[in-house]
Each structure stands twice: as C-alpha cells, then as structure tokens.
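First to last, the sequence lines map onto chains A and B. The number in our numbering is simply the position in the first sequence, starting from 1, with 1259 added. The number in our numbering is simply the position in the second sequence, starting from 1, with 1259 added. C-beta atoms are modelled at their ideal positions from N, C-alpha and C, and glycine is treated no differently. For reference, the structure discussed in these notes is given below.
There are 2 protein chains.
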Amino acid sequence: MPVVPTAVEKLVTQLARLPGIGERMAARLVFHILSEPETYARQLARSFEDLIEHVRFCSDCHMVCDGEFCGICRNGSRERDVICVVERVQDLLAFERTNAYRGLYHVLHGVLAPIKGVGPDKLHLPSLLTRIERDEVQEVILATSTDVEGEATALYLARYLASTSVTLSRIATGVPLGGELEYIDPNTLTRALDGRTVMG
Amino acid sequence: MPVVPTAVEKLVTQLARLPGIGERMAARLVFHILSEPETYARQLARSFEDLIEHVRFCSDCHMVCDGEFCGICRNGSRERDVICVVERVQDLLAFERTNAYRGLYHVLHGVLAPIKGVGPDKLHLPSLLTRIERDEVQEVILATSTDVEGEATALYLARYLASTSVTLSRIATGVPLGGELEYIDPNTLTRALDGRTVMG
C-alpha cells in the first residue's frame, strides 16, 4: 500500500501477523478503527499496555491470572489430587465451560513440534513433576489435542511421568455428540470402534 | 470468562467489537499475543497510539495521509479534472491497484443508510461540491458499491450534483471477469444484458 501513511502500514503489518488475520483483513480492521472516534484506538492501545502490565501466569499451573496464583489453584473447593494437562489457556477455558471438571489444571503453553523447533524444554514440564510429588497428585489427565502433535505430546508425557506413582489417563477419542457418522473421518471411527463400551 | 484476568477480558471485549472478529476469535488473538514476547504487545500498543497521532485525512479528498494533503492529491502527474467518488479508503486502494486510473478521488467515508442513521450530513458532500467548482472538474465517476445502499448513494449524488456542469458517470455493472454465468445472480445478469455493447 504505497499511498497510505507509514503508521497505517505498520499497524496493518503487525496485525496481519496474528493467527487467522491476513493483510486484507488487517487493513479492514485499521480503516474501521480510523473511522471510529479516537478514543477507541486509545482504549485499544491502553488495553495492550494493561495486558503486559497486569497479566501474569500462575506459578503453579501457568494459567493467566492477576497475582501469583490463579483463581482455580486458589479455590479451596477444587479437588487437588487430579490435574488435567492442556496445551493452551483456551483449552482450560473449554473444560471450565463444561462445569463437569472439579480438579486442577496444568497449562503446557505449547505442544511438541520438532519441525517448528518446539522441544520438551519449551513446555512447562518440570513444574508438573514438582506439583505431582509435592501435592501427592493421584491422577493426571492428558488432555492435549487429538491431532498428531497433541498425541505425540501425550505419549511423551506418559513416558516423562512414568517414574511417578500417578495414574495417567487420556481423554476419550470418538464420535462427537451430534456427529453424523457419514462425515466422520475413518481414523476417528476406528478409534470409536476400538474404544467401544459394553451397554447396559 | 470468569476465570481470566480483567485485562484479558477487557481486551477481548474491545477486539470482539471489530468487524469480522467474534468473541472466540478475539480470545484466540489475545492468548496468542500473550504467548509472544512482551515486545509484541508493546509494539501493538505503540502502533495504535501512532495511528491517532500521525494519521490525518486529506483536506481535499479525505484519504488517510501524513500531512494536510495526500500523496495522490499532491501528485502533479494525476489528471485533476476527473474525480472518482468512493465510499471508503479501501475502495480507493482497490482502484489504485488497477494502475488504470490516473485521476483524483473523493472518499465519502460512508454510504447513505437511513436505517443506521447515516444521512447525507454524515458524508463528505460539501467538500466535493467545492472541489468540482474550484478545480473546474469535468467528470465525476460515482464508484460507490453496487449494493442497495451504494446505488442509493449514487442516485443521491447524481441529484446533489445536478446543478453543476460536471459529467456524471457510474461504474459499469455486469458479470465479473472469470465469473461462471451459472453462479451469477439474476439481478447482475439483467444488468449485464441491459448494459451489453455491440461488438466489432
């Protein structure tokens, strides 16, 4: 965009780096912001600053939080002997929306991806081991994604934690509720068959 | 999201107000930014500030620019007796990408939309009239969108400028290049028929 001011071009380039936002979309966002009152862009700038200044990661589970520990780790009514291991904060939030899980979490902040240069040293693994031993954790639920990288990470974790006495479990794979079998991929159907349970 | 820090929630809410970004997408963006080095969020904050501080609108055509006039209006090699009227800055950029247009522009910064409370007073109309008379403009190309609001705006402009001696034209409507006729809507096909040109 040779005819637009540098400030516009710079913000477009920065926003286009965000996942799911291409250059065209980024330009659309910037021009939208320019069409709004100045206070909107100021609020956004302020909010990005606030994000850096006020957001910390829980010293125990690495969830985003305000202080040293997150609300879930501080919550006395959560079961403290089970830890659900997830890749990202969003995954934790997805489990929280179920209202079905009452244990604690551990956010890895990533998944093993050798091609992208993400090895075990980039994930929050030592603190998981520390928590298991310190808090006498009984069960660790491996809730990484069910794609190749997530599966590989779950396998790696299983080996990594093999020396502990903790029970390791993996979330179930199968046909999602409401899924039309016709559109389910063969690998998922195979898993659904393998994991079948006896009824009644 | 009751378990996330206020700073996260606030930025998610603000980003979700942007066009094409829902709450889920906004959350994804914020967590991505949190996973990047702090400098990234700082750069974004700085860029939003820069946007307000450094971006102006051209006093003539209302295009975004650094100074009082934009690069196109300042460019001595552009034809100064033809003005292409567009709704938004992005539309101007689309015409610039053609490398086919050598005249000037006029950005309305909106389109007539009575339902949304956008009347003629919200568009840059008086300055268009001023330019036509001051610069002895010969032709005004009405290049608002070809949707209902854009068409209505073009009709309004035609009436608004009827008292001037300027030649008014409207961009052609018809089948886009590479368009498969099977998938073209009936209204467009009707226009393509009405606007047919004799060959050879």
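Candidates the options: which alpha carbon is nearest residue i's?
i                 : options                                    : result
Ile1280 (chain A) : B:Glu1282, B:Leu1288, B:Glu1338, B:Gly1438 : B:Leu1288
His1383 (chain B) : B:Arg1301, B:Asp1319, B:Lys1269            : B:Asp1319
Tyr1360 (chain B) : B:Val1341, B:Ser1306, B:Glu1439            : B:Val1341
Val1323 (chain A) : B:Leu1436, B:Arg1455, B:Thr1432, B:Phe1290 : B:Phe1290
Ala1275 (chain B) : A:Ile1292, A:Val1399, A:Leu1414, A:Gly1362 : A:Ile1292
Thr1298 (chain B) : A:Glu1312, A:Glu1410, A:Ala1266, A:Tyr1415 : A:Glu1312
Ala1402 (chain B) : B:Val1262, B:Asp1309, B:Gly1362            : B:Gly1362
Leu1277 (chain A) : B:Leu1303, B:Asn1446, B:Pro1385            : B:Leu1303
Pro1264 (chain A) : B:Val1267, B:Ala1266, B:Val1263, B:Asp1309 : B:Asp1309
Val1366 (chain B) : B:Ala1266, B:Cys1332, B:Thr1423, B:Asp1406 : B:Cys1332
Pro1373 (chain A) : A:Ala1411, A:Arg1339, A:Val1262, A:Leu1387 : A:Ala1411
Leu1364 (chain A) : A:Leu1371, A:Glu1295, A:Thr1423, A:Glu1338 : Note that residue 1364 (chain A) corresponds to Tyr in the displayed sequence, not to Leu. Residue A:Glu1338 is the option with its Cα nearest to Tyr1364 (chain A).
Gly1330 (chain A) : A:Lys1375, A:Pro1296, A:Glu1355            : A:Glu1355
Gly1378 (chain B) : B:Glu1392, B:Val1262, B:Leu1416, B:Ser1424 : B:Leu1416
Ile1430 (chain B) : B:Val1344, B:Leu1371, B:Gly1376            : B:Val1344
Asp1325 (chain A) : B:Ser1422, B:Val1262, B:Glu1392            : B:Val1262
Pro1296 (chain A) : B:Thr1423, B:Pro1296, B:Phe1307, B:Ser1294 : B:Phe1307
Ser1404 (chain B) : B:Ser1422, B:Lys1375, B:Val1370            : B:Val1370
Report buried or exposed for residue i, applying the criterion of at least 16 other Cβ atoms within 10 angstroms of its Cβ.
i                 : result
Gly1335 (chain B) : exposed
Asp1380 (chain B) : exposed
Tyr1442 (chain B) : exposed
Ala1286 (chain A) : buried
Leu1440 (chain A) : exposed
Val1271 (chain A) : buried
Val1457 (chain A) : exposed
Asp1350 (chain B) : buried
Ala1413 (chain B) : buried
Leu1448 (chain B) : exposed
Val1267 (chain A) : buried
Val1407 (chain B) : exposed
Compare the C-beta of residue i with all C-beta atoms of chain B and state if any pair is closer than 8 Å.
i                 : result
Asp1309 (chain A) : yes
Ile1331 (chain A) : yes
Arg1301 (chain A) : yes
Phe1354 (chain A) : no
Arg1339 (chain A) : no
Pro1373 (chain A) : no
Ala1451 (chain A) : no
Pro1379 (chain A) : no
Glu1264 (chain A) : The sequence shown places Pro at residue 1264 (chain A), rather than the Glu named in the question. Closer than 8 Å to some Cβ of chain B, the Cβ of Pro1264 (chain A) qualifies, so yes.
Gly1279 (chain A) : yes
Leu1384 (chain A) : no
Ala1411 (chain A) : no
Ala1304 (chain A) : yes
Leu1293 (chain A) : yes
I'd like the span of the alpha helix (DSSP H) that includes residue i, first residue to last.
i                 : result
Tyr1415 (chain B) : 1407 to 1419
Ser1428 (chain B) : No alpha helix (DSSP H) contains Ser1428 (chain B), which is instead part of the beta strand (DSSP E) from 1426 to 1429.
Ile1311 (chain B) : 1297 to 1313
Cys1332 (chain A) : 1330 to 1333
Glu1467 (chain B) : Residue coverage of chain B in this structure runs from 1260 to 1459, which leaves residue 1467 (chain B) outside it and unanswerable.
Val1267 (chain A) : 1265 to 1275
Val1348 (chain A) : 1348 to 1357
Ile1292 (chain B) : 1282 to 1294
Arg1450 (chain A) : 1445 to 1453
Alpha carbon to alpha carbon, what distance is there between residue j and residue i?
i                 : j                 : result
Val1396 (chain B) : Glu1327 (chain B) : 21 Å
Met1284 (chain A) : Glu1346 (chain B) : 17 Å
His1368 (chain A) : Thr1389 (chain A) : 17 Å
Ala1451 (chain B) : Asp1444 (chain B) : 11 Å
Thr1426 (chain B) : Gly1438 (chain B) : 31 Å
Val1314 (chain B) : Ala1300 (chain B) : 21 Å
Leu1420 (chain B) : Gly1409 (chain B) : 16 Å
Thr1432 (chain B) : Glu1282 (chain B) : 36 Å
Phe1316 (chain A) : Ala1353 (chain B) : 44 Å
Ile1394 (chain A) : Ser1428 (chain A) : In the sequence as displayed, the identity of residue 1394 (chain A) is Asp instead of Ile. Taking the straight line joining both Cα atoms gives about 18 Å.
Leu1436 (chain B) : Gly1454 (chain A) : 52 Å
His1321 (chain B) : Arg1305 (chain A) : 27 Å
Ser1424 (chain B) : Ser1294 (chain B) : 60 Å
Ile1400 (chain A) : Pro1385 (chain A) : 17 Å
Val1234 (chain A) : Asn1446 (chain A) : What the structure shows of chain A is the stretch from 1260 to 1459, and residue 1234 (chain A) is not part of that stretch, so it cannot be assessed.
Indicate whether at least one CB of chain A lies closer than 8 Å to the CB of residue i.
i                 : result
Ala1285 (chain B) : no
Ala1402 (chain B) : no
Asp1325 (chain B) : yes
Ile1342 (chain B) : no
Leu1270 (chain B) : yes
Arg1361 (chain B) : no
Pro1296 (chain B) : no
Leu1243 (chain B) : Here chain B has residues from 1260 to 1459 only, and residue 1243 (chain B) is not among them.
Ser1318 (chain B) : no
His1313 (chain B) : yes
Could you give the first and the last residue of the continuous beta strand (DSSP E) run that contains residue i?
i                 : result
His1365 (chain A) : 1363 to 1366
Ile1342 (chain A) : 1341 to 1345
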